[in-house]
Each structure stands twice: as structure tokens, then as C-alpha cells.
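Participant: Letter 153 of the sequence shown, counting from 1, is numbered 153 in our numbering, and no numbers are missing.
Here a beta-carbon is modelled for each residue, glycine too, at the ideal position from N, C-alpha and C.
The structure that follows is given in the form of C-alpha cells.
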Amino acid sequence: MANHFTFCTTLWRWRMRSILKRHLIPHHIWQSITERMPVLRELDAVQMAHLRKMTSWFLDQKSINGAQGLEVTLEMKVTVAAQACLLILNLGVEYFDGWIEVLLYPGAFRVNHTQVDSMGVIHNETSILTGESWLRGPVILSWDNVERDAYYCKAGHNVVLHEFAHKLDSLNGVMNGMPPLRRGMSLKRWSDTFYEAYNELCLQLKAGESAYINHYAATNPAEFYAVLSEYFFTAPDILKKFSPDVYEQLALFYRKPVSQ
Ligand SMILES: [Zn+2]
1 MANHFTFCTT
11 LWRWRMRSIL
21 KRHLIPHHIW
31 QSITERMPVL
41 RELDAVQMAH
51 LRKMTSWFLD
61 QKSINGAQGL
71 EVTLEMKVTV
81 AAQACLLILN
91 LGVEYFDGWI
101 EVLLYPGAFR
111 VNHTQVDSMG
121 VIHNETSILT
131 GESWLRGPVI
141 LSWDNVERDA
151 YYCKAGHNVV
161 LHEFAHKLDS
171 LNGVMNGMPP
181 LRRGMSLKRW
191 SDTFYEAYNE
201 LCLQLKAGES
211 AYINHYAATN
221 PAEFYAVLSE
231 YFFTAPDILK
241 KFSPDVYEQL
251 ALFYRKPVSQ
């Protein structure tokens with residue numbers, strides 16, 4: 001087993017080295033794009049160098065395509081991939097296993113969903129979305145919103161972080177607000193903490209009270225985790241105020257020191 005693990009690790013390192021040798025994003029391009037992104041300001045030089053490698057891996061392994069005639073430039077690809085990889089910077093690229101494509105629309109896009117209710121009645125619903133993450137399928141994003149969130153950051157809003165947090169959540173086959181936790185983390189502690197904070201938010205909103213965070217988080221536990229991940233990276237102080245315990249669990253998961 002140990003030998004197999006060593007072989008896999010060695011193979012993975014060799015593969016990563018080979019990708020970086022051929023496709024490492026040129027420094028001047030990386031610098032000119034990422035220095036304008038507020039969400040990355042907290043990273044030090046070592047972390048930025050690591051993020052550049054992860055982003056290069058992403059661009060080699062995933063496919064970012066335009067919809068409705070949108071021409072996807074390298075700047076757009078790096079803008080999406082760098083933010084997505086921020087989520088897995090300390091987790092590993094295997095957290096983005098099981099899917100290939102990112103689809104970029106020029107702006108918000110229309111989707112039609114068919115749902116069957118508990119009585120067996122079929123409902124067709126049309127929604128206008130800025131992002132969508134399919135289970136084992138593509139991530140779909142509105143470039144307008146990606147650009148706004150990346151370069152003109154508004155606390156608690158980041159469509160890329162939101163949709164790719166859903167990807168982490170869906171790794172175990174279902175989107176339920178429970179991504180595969182890292183070794184050493186307590187499943188019970190995570191569940192109890194998130195359950196309590198989610199119920200508290202729902203009760204606050206039901207009572208007509210204002211909440212610290214985006215009300216969309218109260219949609220269901222999967223959205224709760226995705227929205228709180230947005231706050232974790234873009235507005236940690238607001239998240240700490242809302243729930244220090246959820247902040248602590250997310251810090252353990254994303255491997256970010258709690259003191260930051
Ligand atoms: Zn969502």
C-alpha cells in the first residue's frame with residue numbers, strides 16, 4: 001500500500017511538473033491580472049506562486065468555453081481559474097475531480113428547469129441566473145458577474161467562489177452542504193455547527209430580523225455552505241460576527257489559520 005501511494009504521489013508530481021513546464025502562465029500576464037483582484041490581496045508571495053501553479057494546472061486540465069458568441073480571452077480564463085483555485089489552494093487538485101467544462105455566458109443567462117413535486121405534478125420553471133453548478137457536469141457563469149466580483153469586490157459576493165464551492169460539495173455525489181472533510185476534522189462537529197447556524201438564520205429571517213449575511217444562504221444547506229464560503233474569502237469579519245464556529249470550521253477545511 002505504501003509503495004502504491006509513493007508511486008501515485010511520484011506519478012502525480014511528475015505529471016504536474018510536466019504540465020507546468022509546458023503551460024505555466026507567463027509571469028507578466030499572471031501579475032497584471034491577479035494584482036487587480038482584491039480577493040487575492042491577503043496571499044503572500046509563496047501562496048501566490050502556488051496559486052499560479054494551480055491555475056496553470058486548471059487551464060491545462062479544464063476547458064473554459066464561451067456561449068452566445070462570447071470570445072474567451074486568456075485574461076478571462078485566468079480570472080476564473082485563479083479564483084476557483086483559491087478554494088483548493090491548500091486542499092489539492094483532486095478536489096476538482098469529476099468534471100471538465102466551464103461555460104461562460106456574456107451576462108446573466110436564462111435556464112428552464114422541470115421539477116416534479118410530491119404530488120407527482122410537473123412544474124416548468126424559468127430562472128435568470130448568474131451562475132450554476134451541475135452535479136458531475138459543467139460550471140456555468142456570467143462573465144459580467146465574474147468580472148465585477150473579481151475586480152470590484154463587494155463583501156460576501158463572488159460568483160466563482162460560490163459555484164466552485166458547490167463543486168467541492170458535490171464531490172461525494174450529492175450537494176448537501178457537506179464537502180468531503182479533511183483528515184482529522186470531525187463530521188459531527190461540522191454537521192452540528194452548520195445545522196445550528198443555518199436554523200438560526202432561518203429563524204431570524206422568519207421573524208423579520210435583519211441578518212449579517214445574504215438571505216440567499218437560507219435557501220437550503222447547500223446554498224448556505226456556498227454563500228458562507230463567499231464570505232469566508234471576501235468578508236471574513238462579517239462571517240466571524242455571524243458565526244465564529246462556522247468560520248472556525250471553514251478555516252479548518254480550507255486550511256487557513258484562524259487568526260487571519
Ligand atoms: Zn448556489
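1) Specify which residues have a beta carbon nearer than 6 angstroms to any heavy atom of ligand 1, listing them in chain order.
2) Counting beta carbon pairs with one atom in the region 95-113 and one in the region 138-150, are three or more of them shorter than 8 angstroms?
3) Let me know the secondary structure DSSP gives A2 once reduced to three states.
4) Using only the alpha-carbon positions, how far apart do V146 and V80 sit?
5) Helix, strand or coil: how does DSSP classify K261 here?
6) When burial is assigned at 16 or more other CB atoms within 10 Å of the CB, is W30 buried or exposed?
7) Name the two residues that bound the continuous alpha helix (DSSP H) containing S142.
8) Here's the rule I'm using: 16 or more other beta-carbon atoms within 10 Å means buried, otherwise exposed. How should A235 be labelled?
9) Which residues in the same chain as L59 place their Cβ atom closer than 8 angstroms to its Cβ, once the five residues preceding and following it in sequence are excluded?
10) Any Cβ of chain C within less than 8 angstroms of the Cβ of N65?
11) At the level of alpha carbons, what is the spacing between A251 and G69?
12) Any idea what DSSP makes of R13, helix, strand or coil?
13) When DSSP builds the beta bridges, which residues end up paired with N158?
14) If you drop the 5 nearest sequence neighbours on each side, which residues of the same chain put their C-beta closer than 7 angstroms to that of D44?
15) How close, in whole Å, do the beta carbons of H157 and E230 come, if the pair is a contact with beta carbons under 8 angstroms?
16) On a CA-only basis, which of T73, L168, E200 is nearest P179? Give me that one, please.
17) Can you name the start and end residues of the beta strand (DSSP E) that T126 belongs to?
18) With C-beta atoms as the reference, is V39 less than 8 angstroms away from C202?
19) I'd like the span of the alpha helix (DSSP H) that includes Q249, first residue to last.
20) From the DSSP output, in three-state form, read off R136 for me.
21) Looking only at its chain, what residues have a beta carbon closer than 6 angstroms to the beta carbon of R36, apart from the 5 residues adjacent to it on each side?
22) Comparing C-alpha positions only, which one of Y247, L228, L181 sits nearest to L91?
23) What span of residues does the alpha helix (DSSP H) with Y95 cover, start to end?
24) Residues bridged to Q31 by DSSP?
25) Determine the DSSP secondary structure at E200, reduced to helix, strand or coil.
26) To the nearest angstrom, report how far apart A2 and L87 are at their CA atoms.
Facilitator: Answer, in terms of the structure:
1) H162, H166, E223, A226
2) yes
3) Because the pLDDT of A2 is 47, which lies under 50, any placement of that residue in the model is unreliable, and the question is left without a value.
4) 7 angstroms
5) Since the first and last residues shown for the chain are 1 and 260, residue 261 lies out of range.
6) buried
7) That residue, S142, is in no alpha helix (DSSP H); its beta strand (DSSP E) goes 139-142.
8) buried
9) H23, I25, K77, V78, A81
10) Absence of chain C from the displayed structure is noted, only one protein chain being present.
11) 39 angstroms
12) helix
13) Paired residue(s): none; N158 is not in a bridge.
14) none
15) 6 angstroms
16) L168
17) 122-129
18) no
19) 244-253
20) coil
21) Y151
22) L181
23) Where Y95 is concerned, there is no enclosing alpha helix (DSSP H), given that its DSSP letter is neither H nor E.
24) Paired residues: none, contrary to the question.
25) helix
26) Below a pLDDT of 50, predicted positions are generally treated as unreliable, and A2, at 47, falls in that range; no measurement from the model is reported.
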